[in-house]
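Student: Let me begin by handing over the structure; questions about it come next.
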Amino acid sequence: MPELPEVETVRRGLTRLVGNAKITSVDVYYEKMVSPEADQFKKMLAGKTIERIDRRGKYLLFRFNDDLTMVSHLRMEGKYDVQPDGNPITKHTHVVFHLDDHRDLRYTDTRKFGRMHLLKTGDETKLVSGLKKMGPEPTPETLTVEYMKQIFSKSKKAIKPFLLDQSNIAGLGNIYVDETLWLSRIHPEQPTNTIPEFQIRQLRENIIAEIKRAIEGHGTTVHSFSTAYGEAGEFQNHLMVYGRKGEPCFRCDTPIEKTKVAQRGTHFCPDCQVLRKDPGVTMVLGLTGGIATGKSTVSEFFKAYQIPVIDADKVAREVVEPGTKGLKEIQTTFGWQMIQPDGTLDRHALGTLVFSQPEKLAQLNSITGPLIKKAVVRKLRGYRRRQVPLVIYDAPTLFEAHGAAGMNEIMVVNVPDQVQLQRLMARDHLSKKEALERINAQMPLAEKVKRADVVIDNSDSVDKTKAQVVRWLNEAGFGSLITDKSN
DNA sequence: ACTTCGACCTGCGAGC
DNA sequence: TGCTCGCAGGTCGAAG
1 MPELPEVETV RRGLTRLVGN AKITSVDVYY EKMVSPEADQ FKKMLAGKTI ERIDRRGKYL
61 LFRFNDDLTM VSHLRMEGKY DVQPDGNPIT KHTHVVFHLD DHRDLRYTDT RKFGRMHLLK
121 TGDETKLVSG LKKMGPEPTP ETLTVEYMKQ IFSKSKKAIK PFLLDQSNIA GLGNIYVDET
181 LWLSRIHPEQ PTNTIPEFQI RQLRENIIAE IKRAIEGHGT TVHSFSTAYG EAGEFQNHLM
241 VYGRKGEPCF RCDTPIEKTK VAQRGTHFCP DCQVLRKDPG VTMVLGLTGG IATGKSTVSE
301 FFKAYQIPVI DADKVAREVV EPGTKGLKEI QTTFGWQMIQ PDGTLDRHAL GTLVFSQPEK
361 LAQLNSITGP LIKKAVVRKL RGYRRRQVPL VIYDAPTLFE AHGAAGMNEI MVVNVPDQVQ
421 LQRLMARDHL SKKEALERIN AQMPLAEKVK RADVVIDNSD SVDKTKAQVV RWLNEAGFGS
481 LITDKSN
């Protein structure tokens with residue numbers, strides 16, 4: 001069954017159930033499973049007390065008295081459970097530890113892949129090959145940015161098998177690799193040494209956070225099975241790509257694809273996770289929010305730090321300026337009435353026309369949409385060429401306009417519903433009814449928050465909002481761009 | 001020293 | 001129904 005969060009769940013459950021239990025005798029039904037050979041294994045364990053249970057990567061370490069450690073790996077399907085002695089042995093029970101309180105600790109494993117090694121405490125890191133070269137645990141203290149940068153720069157292989165290799169990082173398996181790559185928008189076949197620093201940082205944050213969340217959710221339960229040590233995992237309910245082939249991506253709605261990478265089933269979003277020849281160093285942060293949530297306030301903070309901001313509304317105006325292809329198409333489609341005497345677009349006339357007719361609005365969007373996209377891509381290409389580290393794409397309808405897939409990360413500016421309503425009424429001098437109409441015309445703010453990587457809470461003071469932006473800049477590795485260090 | 005690929009096992013569901 | 005095939009949360013060792 002397990003990756004790190006599941007093994008940790010087992011460790012905690014077993015600690016509760018059999019911590020301090022004493023073993024009277026051991027039965028081994030599948031001898032290949034244990035080392036040293038079965039008779040010796042049984043003899044060594046008889047009379048021993050389980051003093052504690054540790055974990056390293058996906059290995060369980062049972063610590064007994066007299067400096068004895070049993071290293072146990074569950075591989076694909078190994079499970080421990082505790083039951084009263086005398087219960088009939090099932091087909092797939094391979095090792096039974098009889099306890100002195102009339103209970104059994106049983107190990108079952110349909111595929112017989114699991115292994116148990118008994119050795120002197122301390123020898124496990126010298127004698128068990130998997131433990132010998134185990135990489136750091138995915139925690140903030142042990143998995144450092146410096147370490148990641150260093151190992152990433154040295155490997156040309158695809159990132160997916162690289163992350164599955166326990167000697168690089170401990171504990172990740174097929175599920176959490178797919179999940180964290182999706183969270184970080186990295187294609188599973190992207191060569192590891194081509195991944196830019198900002199993505200290494202994102203990946204690190206996502207790995208650490210995802211593993212932590214999964215442990216808190218008691219791990220992921222794939223095949224339906226419930227554990228005898230208390231809880232069945234519930235983290236499968238939080239999976240973003242694993243097992244979701246054909247279902248819409250939670251960020252951009254594109255169907256999730258399933259392929260094979262390094263002989264393992266691999267799930268990813270073809271639009272969010274694009275294989276890049278030269279990924280470049282530029283990170284694009286999508287900035288969005290709801291009407292009157294204060295997105296422009298946040299946008300101004302970035303501008304104040306000289307961080308380039310591409311304003312989607314401004315681009316939308318540029319593509320219909322006099323002399324543009326966009327304006328010409330609007331004239332052809334909607335008539336000369338849409339053009340004012342001075343040659344500029346009559347926004348009021350166009351607005352009135354499309355406001356009441358959804359099909360006209362769709363027609364307008366099909367003209368301007370591609371032009372905006374092209375203009376944004378052109379601007380981004382310029383920043384990429386100049387190796388600008390961070391660019392903000394400020395777009396009120398980022399999700400609605402299907403712009404999410406092109407972003408490296410998405411920041412949503414959020415306020416409580418009531419605050420949004422009050423601010424909109426005050427700002428635009430609207431009645432409650434009018435304000436609600438405008439709010440309800442957009443994708444619900446809660447839905448945007450759900451799709452966000454970072455949420456900025458703008459319900460308090462400007463200073464508090466700014467502090468959140470500054471914190472994000474620091475955590476994302478852009479601390480050097482902050483010019484007013486006093487904050 | 002690198003990466004790739006079969007082997008280790010059993011059960012289950014899809015497709016014929 | 002019965003058969004074959006492919007697939008499953010992992011790792012190791014042989015072969016290229």
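In terms of full-length UniProt numbering, the first sequence opens at residue 1 and continues consecutively. Here a beta-carbon is modelled for each residue, glycine too, at the ideal position from N, C-alpha and C.
Have a look at GLU475, GLN40 and ALA435 and flag the residue whose alpha-carbon is nearest the alpha-carbon of LEU424.
Tutor: Counting from one through the first sequence, the residue named residue 424 turns up at place 424. For the set GLU475, GLN40 and ALA435, the Cα lying nearest the Cα of LEU424 is the one of ALA435.
Student: Does the beta-carbon of VAL449, which I'm using as the reference point, lie nearer than 7 Å to any heavy atom of the ligand NAP?
Tutor: The ligand NAP is not part of the structure shown, which contains no ligands of any sort.
Student: Out of LYS32, LYS48 and ARG115, state which residue places its alpha-carbon closest to the alpha-carbon of ARG75.
Tutor: To locate residue 75, count along the first sequence from 1; it is residue 75. Ranking the options by Cα distance to ARG75, first place goes to ARG115.
Student: Can you tell me which of the three DSSP states LEU275 falls into?
Tutor: As a working mapping, residue 275 is identified with position 275 in the first sequence. Here LEU275 sits in coil by DSSP.
Student: Identify the continuous alpha helix (DSSP H) that holds ASN440 and give its terminal residues.
Tutor: If you number the first sequence from 1, residue 440 lands on position 440. ASN440 -> alpha helix (DSSP H) spans 432-440.
Student: Bridge partners for LYS120 per DSSP, in chain order?
Tutor: For the purposes of this step, residue 120 is taken as residue 120 along the first sequence, with counting starting at 1. Partner(s): LEU68.
Student: Using the C-alpha atoms, what's the distance from GLU197 back to GLN273?
Tutor: Residue 273 sits at position 273 when you count from the first residue of the first sequence. Residue 197 sits at position 197 when you count from the first residue of the first sequence. Whole-angstrom Cα-Cα distance: 17 Å.
Student: For PRO138, count neighbouring Cβ atoms within 10 angstroms of its own Cβ and tell me buried if that reaches 16, exposed if not.
Tutor: For the purposes of this step, residue 138 is taken as residue 138 along the first sequence, with counting starting at 1. Buried, because 16 or more other Cβ atoms sit within 10 Å of the Cβ of PRO138.
Student: Who pairs with residue 489 in a beta bridge, going by DSSP?
Tutor: Nothing can be reported for residue 489, as the shown portion of the chain is limited to 1 through 487.
Student: Ignore the nearest five residues each way along the sequence and tell me which others in LYS120's own chain have a CB closer than 6 Å to its CB.
Tutor: As a position in the first sequence, residue 120 is number 120, starting the count at 1. For LYS120, where only same-chain residues beyond five positions count, the Cβ hits under 6 Å are ASP67.
Student: Decide if the stretch 402-414 is in contact with the stretch 454-469; the criterion is three or more beta carbon pairs, one per stretch, under 8 Å apart.
Tutor: yes
Student: Rounding to the nearest angstrom, what Cα-Cα distance links PHE64 and THR142 in this structure?
Tutor: Translated into positions along the first sequence, residue 64 becomes position 64. Translated into positions along the first sequence, residue 142 becomes position 142. Between PHE64 and THR142, the C-alpha separation is close to 27 Å.
Student: Count the other C-beta atoms from every protein chain shown that fall within 10 angstroms of the C-beta of ASP109, then say buried if there are 16 or more, exposed otherwise.
Tutor: For the purposes of this step, residue 109 is taken as the residue at position 109 of the first sequence. So ASP109 counts as buried.
Student: Determine the extent of the alpha helix (DSSP H) in which HIS267 is found, giving its start and end residues.
Tutor: Sequence index remark: in the first sequence, residue 267 carries index 267 (1-based). Premise fails: HIS267 lies in the beta strand (DSSP E), 264-268, not in any alpha helix (DSSP H).
Student: Within 10 angstroms of its Cβ, does ASN206 collect 16 or more other Cβ (buried), or is it exposed?
Tutor: As a working mapping, residue 206 is identified with position 206 in the first sequence. ASN206 should be labelled buried.
Student: Report the option in THR180, LYS277, LEU127 and ALA362 whose CA atom is closest to the CA atom of LYS156.
Tutor: Taking the first residue of the first sequence as position 1, residue 156 is located at position 156. With distances taken between Cα atoms, LYS156 lies closest to LYS277.
Student: Of all the alpha helix (DSSP H) runs that stay within the bounds of the stretch 32-82, which reach a length of 4 or more residues?
Tutor: 38-45
Student: Straight-line CA distance for ASP484 to ILE310?
Tutor: Residue numbering aside, residue 484 sits at position 484 when the first sequence is read from its first letter. Residue numbering aside, residue 310 sits at position 310 when the first sequence is read from its first letter. Cα to Cα, ASP484 sits roughly 22 Å from ILE310.
Student: So who's on the other strand from ARG115, going by DSSP bridges?
Tutor: The residue labelled residue 115 in the question sits at position 115 within the first sequence. Paired residue(s): HIS73.
Student: Does the stretch 23-36 come close enough to the stretch 88-107 that 3 or more CB-CB pairs lie under 8 Å?
Tutor: Taking 8 Å as the limit for Cβ pairs, the verdict is that the stretch 23-36 does touch the stretch 88-107.
Student: Considering only C-alpha positions, which residue in the set SER184, LYS212 and ILE89 is nearest to LEU4?
Tutor: Working through the first sequence from its first residue, we reach residue 4 at position 4. The shortest CA-to-CA distance from LEU4 to any of SER184, LYS212 and ILE89 is the one to LYS212.
Student: In the DSSP assignment, what are the bridge partners of ASP311?
Tutor: As a working note, residue 311 is residue 311 in the first sequence. The partner list for ASP311 (beta bridge, DSSP) reads ASP394.
Student: Under a Cβ-count criterion, where at least 16 other Cβ atoms within 10 Å of its own Cβ denotes burial, should VAL71 be classed as buried or exposed?
Tutor: Along the first sequence, read from residue 1 onward, the residue named residue 71 stands at position 71. Answer is buried; the Cβ neighbour count reaches 16.
Student: Thinking C-beta only, is LYS91 closer than 8 Å to TYR30?
Tutor: Within the first sequence, residue 30 is the residue found at index 30, counting from 1. Within the first sequence, residue 91 is the residue found at index 91, counting from 1. No, the Cβ-Cβ distance between TYR30 and LYS91 is not below 8 Å.
Student: Taking buried to mean at least 16 other C-beta atoms within 10 Å of its own C-beta, is SER299 buried or exposed?
Tutor: Locating residue 299 in the first sequence gives position 299, where the first residue counts as 1. Buried, since its Cβ has 16 or more Cβ neighbours within 10 Å.
Student: Quick one: is THR282 buried, meaning 16 or more other Cβ sit within 10 Å of its Cβ, or exposed?
Tutor: Taking the first sequence and counting its residues from 1, the one referred to as residue 282 is at position 282. It counts as buried.
Student: By DSSP, does MET345 sit in helix, in strand, or in coil?
Tutor: Counted from its first residue, the first sequence places residue 345 at position 345. Here the sequence assigns Leu to residue 345, which means Met is not the residue at that position. LEU345 falls in the strand class under three-state DSSP.
Student: With a threshold of 16 other CB atoms inside 10 Å of the CB of ALA441, please say whether the residue is buried or exposed.
Tutor: On the first sequence, residue 441 is found 441 positions in, with the first residue counted as 1. So ALA441 ends up on the exposed side.
Student: Indicate whether ALA401 and GLY369 have their beta-carbon atoms separated by less than 8 Å.
Tutor: Taking the first sequence and counting its residues from 1, the one referred to as residue 401 is at position 401. Taking the first sequence and counting its residues from 1, the one referred to as residue 369 is at position 369. Cβ atoms of ALA401 and GLY369: closer than 8 Å.
Student: Can you tell which of ASN237, GLY130 and LEU239 has the C-alpha that lies nearest to the C-alpha of GLY57?
Tutor: Locating residue 57 in the first sequence gives position 57, where the first residue counts as 1. When each option's Cα is compared against that of GLY57, the closest is GLY130.
Student: So PHE152 and ILE89 are supposed to be a Cβ contact under 8 Å. How far apart are they, rounded?
Tutor: Sequence index remark: in the first sequence, residue 152 carries index 152 (1-based). Sequence index remark: in the first sequence, residue 89 carries index 89 (1-based). Incorrect: roughly 47 Å between the Cβ atoms, too far for contact.
Student: For ALA426, which three-state DSSP category applies?
Tutor: On the first sequence, residue 426 is found 426 positions in, with the first residue counted as 1. Residue state, collapsed to three classes: helix.
Student: Following the continuous alpha helix (DSSP H) through GLU257, name the residue where it begins and the one where it ends.
Tutor: Stepping through the first sequence from its first residue, residue 257 is reached at position 257. Not the alpha helix (DSSP H): GLU257 falls in the beta strand (DSSP E), residues 257-261.
Student: Rounded to whole angstroms, what's the CA-CA distance from VAL391 to PRO308? Just pull it up for me.
Tutor: Indexing the first sequence from 1 puts residue 391 at position 391. Indexing the first sequence from 1 puts residue 308 at position 308. As the crow flies, the alpha-carbon of VAL391 is around 5 Å from that of PRO308.
Student: Taking the C-alpha atoms as reference points, what is the distance between ASN87 and ILE50?
Tutor: By 1-based counting over the first sequence, the position of residue 87 is 87. By 1-based counting over the first sequence, the position of residue 50 is 50. Distance between the alpha carbons of ASN87 and ILE50 is about 22 Å.
Student: Within the same chain, show all residues whose beta-carbon is closer than 7 Å to that of LYS126, passing over the 5 residues directly before and after it, in chain order.
Tutor: Here residue 126 corresponds to residue number 126 of the first sequence, with the count starting at 1. Answer for LYS126: LYS132, listed in chain order.
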